[in-house]
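Protein sequences appear in the order of chains G, D and Y.
Everything in the first sequence is counted per my numbering, starting at 1 for the first residue and increasing by one.
Everything in the second sequence is counted per my numbering, starting at 1001 for the first residue and increasing by one.
Everything in the third sequence is counted per my numbering, starting at 2001 for the first residue and increasing by one.
Beta carbons are placed, not taken as given, at the ideal position from N, Cα and C, and that holds for glycine.
Computed from a predicted model, the values in this text were never measured in an experiment.
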Amino acid sequence: MRARIGILTVSDRAYRGVYEDLGGPAIQDYMSEVLTNDWEPVAQVVPDELDAIQSALISLVDDEACSLVVTTGGTGPAARDITPEATEAVCEKMMPGFGELMRQVSLQFVPTAILSRQTAGIRGRALIVNLPGKPSAIRDCLDAVMPAVPYCIDLIEGACLTTDESRIKAFRPKSK
Amino acid sequence: MRARIGILTVSDRAYRGVYEDLGGPAIQDYMSEVLTNDWEPVAQVVPDELDAIQSALISLVDDEACSLVVTTGGTGPAARDITPEATEAVCEKMMPGFGELMRQVSLQFVPTAILSRQTAGIRGRALIVNLPGKPSAIRDCLDAVMPAVPYCIDLIEGACLTTDESRIKAFRPKSK
Amino acid sequence: MRARIGILTVSDRAYRGVYEDLGGPAIQDYMSEVLTNDWEPVAQVVPDELDAIQSALISLVDDEACSLVVTTGGTGPAARDITPEATEAVCEKMMPGFGELMRQVSLQFVPTAILSRQTAGIRGRALIVNLPGKPSAIRDCLDAVMPAVPYCIDLIEGACLTTDESRIKAFRPKSK
Chain G
1 MRARIGILTV SDRAYRGVYE DLGGPAIQDY MSEVLTNDWE PVAQVVPDEL DAIQSALISL
61 VDDEACSLVV TTGGTGPAAR DITPEATEAV CEKMMPGFGE LMRQVSLQFV PTAILSRQTA
121 GIRGRALIVN LPGKPSAIRD CLDAVMPAVP YCIDLIEGAC LTTDESRIKA FRPKSK
Chain D
1001 MRARIGILTV SDRAYRGVYE DLGGPAIQDY MSEVLTNDWE PVAQVVPDEL DAIQSALISL
1061 VDDEACSLVV TTGGTGPAAR DITPEATEAV CEKMMPGFGE LMRQVSLQFV PTAILSRQTA
1121 GIRGRALIVN LPGKPSAIRD CLDAVMPAVP YCIDLIEGAC LTTDESRIKA FRPKSK
Chain Y
2001 MRARIGILTV SDRAYRGVYE DLGGPAIQDY MSEVLTNDWE PVAQVVPDEL DAIQSALISL
2061 VDDEACSLVV TTGGTGPAAR DITPEATEAV CEKMMPGFGE LMRQVSLQFV PTAILSRQTA
2121 GIRGRALIVN LPGKPSAIRD CLDAVMPAVP YCIDLIEGAC LTTDESRIKA FRPKSK
């Protein structure tokens, strides 16, 4: 089974075309570098609107059958930043450890890491993870959480992801 | 007053008897090792069902008058894992610091620690804490949080717990 | 524009006058030491009542036009401690990174830091941050989060805060 990975760019400016989407391509580059299983990206760009983000997340999981959906953008404190709320609204269960670890890792680079409200959760057989908007921060966050992502997706019965171990060593405990 | 400590094993397999409950006994052994006050365990095993977990938690606090209730199992991302949701549903206030610290400590051992959704909260005069299912992880998590547990239970007017200081040094600030 | 900073002491005993409010003055001293922009404090004392705390927070943000509101007290596990619940009830979005970092920093001093339920959130153009009741813990927590506070308030279009860099270096990323 070919794994499908949703890449959702949340940005008013990228959506209107005033600003080149750098976050989405950064995620796709990262996955190409790290994943060794057969996979394909399903990329979308939406504005910072609750309905638009929720609909895109639902469609990526329910219609596109993505096992992993990563968002970029909209996690800050500004009025238009609502990606975490949209994520929580469509998830059946939340995974607080992802946001905690990503903020902790980002804090090693900038004290404003605490302003990121990024979270993660489970919808059906998909893991949804919020990432920051800035490409360098995207890589730092993915490096932190990726070792746990394949096993998480095994547990929710999504696609089997494998990684280039020289880059990211996916950890799968021996038994449940 | 003899302290009562609820030990709730949440596991479909342990409930059906297909699998020996290792988590519950590991918690009881740990408490026997660490606590120096008079106490007794109140152990129960329930399946991974929201109603069953909630009813057991309510009964352990309201009927059995436990001052501390520790659960084991059901904190992962899988469809049947709902212990944190059941815990939140019966608590009047949540204690996010417990889950944060337990995940942080577990991260020193396995990168998949971020997949644990364990939390803690207060119901009446009881502190409820979710622990992982695996006995070795149970010990690591209890070692991390136990220094703060007796003072927490003092503050909610539960039983007075004392510990073997060579094992766990309970911290009680001088004044409120 | 002169920045306004709300300082809300939440304490039954301070409200009734049985106990001198030490938390509020500690926050004001800290801000005087650290801030270099023109600002004025708006101080209030309320009892540990949900309605009173919520009304005070709403008034400090909506009527008093504070860009930053810091509370002290009421974040523990005791029955009367409900400052985090009141904060969450009046905020449009929550900022989990503040509580996580403040607990982590406090853990370096006392293991009971995990008992603090302090949180932070955004209401309109104001950042609301819960601090502990104890003056020394207030300073440790503010030292941890203040480098990120001015940029946070920029993003929500509140007043421009500047700091004495020998004390706290406010971090503002070059571009969004």
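Query	Result
Quick one: measure Cβ to Cβ for G/Val-34 and G/Gly-74, integer angstroms, because I've assumed they're closer than 8 Å.	About 24 Å; that fails the 8 Å criterion.
Keeping to the same chain, check which residues put their C-beta closer than 6 Å to that of Y/Gly-2124; ignore five residues upstream and five downstream.	Val-2061
Could you say which of Y/Ile-2122, Y/Ala-2079, Y/Phe-2171, Y/Ile-2168 lies nearest to Y/Glu-2157 if we only look at CA atoms?	Y/Ile-2122
Establish whether the CB of Y/Cys-2152 and some CB of chain G are separated by less than 8 Å.	yes
From G/Ala-78 to D/Trp-1039, what distance separates their C-alpha atoms?	51 Å
Can you list, in chain order, the stretches of the alpha helix (DSSP H) that have 4 or more residues and sit fully within the stretch 1079-1150 of chain D?	1083-1090, 1096-1107, 1135-1145
If I follow the unbroken alpha helix (DSSP H) through Y/Arg-2050, where does it start and stop?	Looking at the sequence shown, residue 2050 of chain Y is not Arg but Leu. Y/Leu-2050 -> alpha helix (DSSP H) spans 2050-2058.
Note down, in chain order, each residue of its chain lying with its Cβ closer than 7 Å to the Cβ of Y/Ala-2120, except the 5 sequence neighbours on either side.	Met-2095, Phe-2098, Gly-2099, Leu-2127, Ile-2128, Val-2129, Asn-2130
Looking at chain Y, which residues of the stretch 1083-1101 of chain D have a Cβ within less than 8 Å of any of its Cβ atoms?	Lys-1093, Met-1094, Met-1095, Pro-1096, Gly-1097, Phe-1098, Glu-1100, Leu-1101
For the beta strand (DSSP E) containing G/Ala-3, list its first residue and its last residue.	3-10
I want to verify the contact list: residues of chain D whose CB lies under 7 Å from the CB of G/Ile-122, in sequence order.	Pro-1077
Between the alpha carbons of G/Met-102 and G/Ile-7, how many angstroms are there, rounded?	18 Å
Look up G/Ala-26 in the DSSP assignment and give the residues it is bridged to.	In DSSP, G/Ala-26 forms no bridge with anything.
Please list the residues of the stretch 1115-1140 of chain D that have a C-beta atom closer than 7 Å to any C-beta atom in chain G, keeping them in chain order.	Leu-1115, Ser-1116, Arg-1117
Check the DSSP bridge columns for Y/Val-2046 and list the partner residues they point to.	Y/Val-2010
Quick one: what's D/Leu-1061 bridged to in DSSP?	Reading the sequence as shown, one finds Val at residue 1061 of chain D and not Leu. DSSP, once it has assigned bridges, lists no residue as partnering D/Val-1061.
Which residues in the same chain have their Cβ closer than 6 Å to the Cβ of Y/Val-2090, if we skip the five residues on either side of it in sequence?	Gln-2054, Leu-2057, Ile-2058, Arg-2123
Quick one, which of G/Cys-141, G/Lys-169, G/Ala-86 has its alpha-carbon nearest G/Leu-107's?	G/Cys-141
So, at 6 Å on beta carbons, what are the nonlocal neighbours of D/Ala-1159 in its own chain, with the 5 sequence-adjacent residues on each side left out?	Met-1001, Ala-1003, Ser-1067
Looking at chain G, is there any beta carbon in it that lies within less than 8 Å of the beta carbon of Y/Val-2061?	no
So what does D/Val-1069 bridge to, in DSSP terms?	D/Gly-1006, D/Ile-1128
Starting from the C-beta of D/Ala-1043, find all residues in its chain whose C-beta is less than 6 Å away, skip the five residues before and the five after it, and write them out in chain order.	Ile-1007, Gly-1024
Could you tell me the alpha carbon to alpha carbon distance between Y/Ala-2170 and D/Leu-1161, rounded to whole angstroms?	44 Å
Rounded C-beta distance between D/Gly-1017 and D/Thr-1072? I'm assuming under 8 Å.	Between D/Thr-1072 and D/Gly-1017 the Cβ distance is about 17 Å, and since that is not below 8 Å, they are no contact.
In angstroms, rounded to a whole number, what distance separates the CA positions of G/Asp-21 and G/Ala-14?	5 Å
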